[in-house]
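Number of protein chains: 2
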Amino acid sequence: MGRTTGSHSDITRPKIRAAALRLFARHGFAAVSMRALATEVGVQAGALYNYTPDKQTLLFTLLQDHMNDLLEACTSDAAPTALERLRHFVDFHIRFHADRPDEVFISYMELRNLTTENFATVETLRRQYEDRLEAILRDGAAAGDFAIADTKIATLAVIAMLTGVNTWFRAGGRLSLDEVITQYWDMVRKSVMAG
Amino acid sequence: MGRTTGSHSDITRPKIRAAALRLFARHGFAAVSMRALATEVGVQAGALYNYTPDKQTLLFTLLQDHMNDLLEACTSDAAPTALERLRHFVDFHIRFHADRPDEVFISYMELRNLTTENFATVETLRRQYEDRLEAILRDGAAAGDFAIADTKIATLAVIAMLTGVNTWFRAGGRLSLDEVITQYWDMVRKSVMAG
DNA sequence: GTCTATAAAAAGATAGAC
DNA sequence: GTCTATCTTTTTATAGAC
C-alpha cells in the first residue's frame, strides 16, 4: 500500500542534496546555476522547485542540517578528566569532519551567501559546538592540568588547527587517518598542557 | 612633465583593486557582477575593461599579487636557533595576515574559481611559503629541540592555527594583537617542543 | 512529480562617440 | 579613459500540460 508510482520524492530529494553539496563545494554556491544542479541530479530545472522554494533555502537547509548532525554526534564524553575528554573531542572532530568534506567546506565558505536571518541561525549552532570544547578547556584549566591564557582563544585555535586537516587530507594518501589523529592529538595536548 | 589631464589610470586602477578585494571578500567572486564592481569604483561597467581583459584575470592578479607580497615580506630571520626563527615566523604570519583580511579570505575561498593554469601558479607560490615554515621545523627537529612526528603535517597544523586568527580577530576588540600573538606563540611553541 | 515553454531580469563583454 | 548603448547568453523562477 505504499506510495503512488509517480512519487519520486524519496529518490529525488536525497539526490538533490548530494548534488548540491558536491557542486557547491566544487564551484561555490553563486557559481552553480539551478540548471547545472538539475543536470547533475538528472531532472529539469523546474522540477527542483518541488523540493525547495528557492536557491537560498536549499543552501540554508544544507548548512543547518550539517550543524545539527554535528551537535547530535558530538556526545559529551563521560571521562573523568579534562585531558581524556579533550582527547575524545580531538578524535571525534577529525573523524566527523573527514567524513564530510563537502559539508565542512560549504559551512565555512558559503556563510556569506546566507541571508542575515539564516546566518544567525547557523551561527548560533556553530557557537554551541565551540562551547563544548571551551567547557573542556575551562575544566582542565580550573583543575590545573591545562595552562591556557585565554580559554576562548585556545578554543578557536584548536578548532582551526583540527579543521585544517580537511584542506589536505585524502583517504589513501601517505598517512592514514589514525596516524593523522595521533599527531594532532600530540600537538593539541602539548599546546594546552601545564608545564 | 606630468601626465595628460584625461589619464585617470593611476587613480582608477587602485580603486578597482580595493573595490574588488572588498566585494569579492564580502559576497564571493561569482556573486559580484562587473556592474556592481563598477558602481563601487564609481565608473561604468565598460570602463573596467580598460584595466583587465576579463573578470577571471582580475581575480588571478589579486591572488598572485597577494602571494608575492607575502613571500617578499617573509624574510628569512637570521636568528641562530630554530626556536627563535619559529617565534619570528609566528609573529610575522599573524601580523601580515591581520593587516590584509580581505586578501587572505579571498586567497582561501576563491582558489576554486581560478582557471586550472592560474590555480597552479598561485598554488606554487603558496607551497613556497609553507616551505619556509617547514624548513624551520625540520631544523629544530634535527637539532633535537622539537619533537615532531611528521614535519609536513606540523607545518600545515601550525599554519591553519595561525591563519584561523583572521576568522575572529578584529582590531579594537577584547584583546590586542600583541596579546593574541603572545598566546598563539605560547601554544605553537609548546605544541612542537620536545619533552 | 516531472516535463516543456517562457517570462523577466541580470550577466560578461564589446563598439563607437566624446 | 570613460561614457552610452547594445549584443548575446544565462540566470531564477513560474505556468500549465501530462
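In the order they appear, the protein sequences are chains L and U. Each residue of the first sequence is one higher than the one before, starting from 0 at the first, in numbering that gives the first Met the number 0. Each residue of the second sequence is one higher than the one before, starting from 0 at the first, in numbering that gives the first Met the number 0. Using N, Cα and C, we set each Cβ at its ideal position, and we do this for glycine too.
Any C-beta of chain U sitting closer than 9 Å to the C-beta of residue i?
i	result
L/Gln182	yes
L/Ile152	yes
L/Val179	yes
L/Met33	no
L/Ile105	no
L/Met66	no
L/Arg21	no
L/Thr60	no
L/Thr56	no
L/Thr115	no
L/Thr123	no
Give me the Cα-Cα distance between residue i and residue j, rounded to the nearest whole angstrom.
i	j	result
U/Gln43	L/His96	44 Å
L/Ile15	L/Gly27	16 Å
U/Tyr128	L/Arg94	28 Å
L/Ile158	L/Asn117	23 Å
L/His65	L/Ile10	20 Å
U/Leu132	L/Met160	16 Å
U/Thr56	U/Ile105	14 Å
U/Ala19	U/Val31	9 Å
U/Leu124	L/Ala156	25 Å
L/Asp101	U/Arg34	31 Å
U/Asp53	U/Ala72	29 Å
L/Ala197	L/Ala46	Absent from the structure is residue 197 of chain L, since the part of chain L shown begins at 0 and ends at 194.
Establish whether the CB of residue i and some CB of chain L are separated by less than 9 Å.
i	result
U/Arg111	yes
U/Leu155	yes
U/Thr166	yes
Per DSSP, what kind of secondary structure is residue i in: helix, strand or coil?
i	result
U/Phe95	helix
U/Phe23	helix
L/Phe168	coil
U/Phe104	helix
U/Phe88	helix
U/Phe28	coil
Excluding the 5 residues preceding and the 5 following residue i in the sequence, name in chain order all residues of the same chain whose CB lies nearer than 8 Å to its CB.
i	result
U/Glu109	Phe23, Gly27, Phe28, Leu58 and Leu62
U/Gly143	Ala193
U/Thr114	Gln55 and Phe59
L/Asp90	Ile180 and Trp184
U/Met196	This structure cannot speak to residue 196 of chain U, because chain U is shown only from 0 to 194.
U/Val243	No information on residue 243 of chain U is available, as it lies outside the stretch 0 to 194 that chain U covers here.
Mind pulling the chain U residues with CB within less than 9 Å of residue i?
i	result
L/Gly27	Gly27, Phe28, Ala29, Ala30, Met108, Glu109, Arg111 and Asn112
For a contact defined as C-beta to C-beta under 7 Å, what are the partners of residue i on chain U?
i	result
L/Val40	Within 7 Å Cβ-Cβ: nothing; L/Val40 doesn't reach chain U, min ~20 Å.
Near residue i, what residues of its chain come up, given a Cβ to Cβ distance below 7 Å and the 5 sequence neighbours on each side ignored?
i	result
L/Leu69	Phe95 and Tyr128
U/Thr38	none
L/Ala153	Leu136, Ile147 and Val191
U/Ala78	Arg84 and His87
Starting from the C-beta of residue i, find all residues in its chain whose C-beta is less than 6 Å away, skip the five residues before and the five after it, and write them out in chain order.
i	result
U/Asn112	Phe28
U/Arg99	none
Going along chain L, which residues have a C-beta under 9 Å from residue i?
i	result
U/Asp149	Arg173, Leu174, Glu178, Val179 and Gln182
Check whether the Cβ of residue i lies closer than 8 Å to any heavy atom of the ligand FMN, and answer yes or no.
i	result
U/Met108	Annotation note on the ligand FMN: not contained in the displayed structure, which lists no ligands.
Output, in chain order, the set of chain U residues within a Cβ distance shorter than 8 Å of residue i.
i	result
L/Met186	Ala153, Ala156, Ser190 and Val191
Taking C-beta pairs closer than 7 Å, name the residues in chain L that residue i reaches, listed in chain order.
i	result
U/Gly163	Leu155, Ala156 and Ala159
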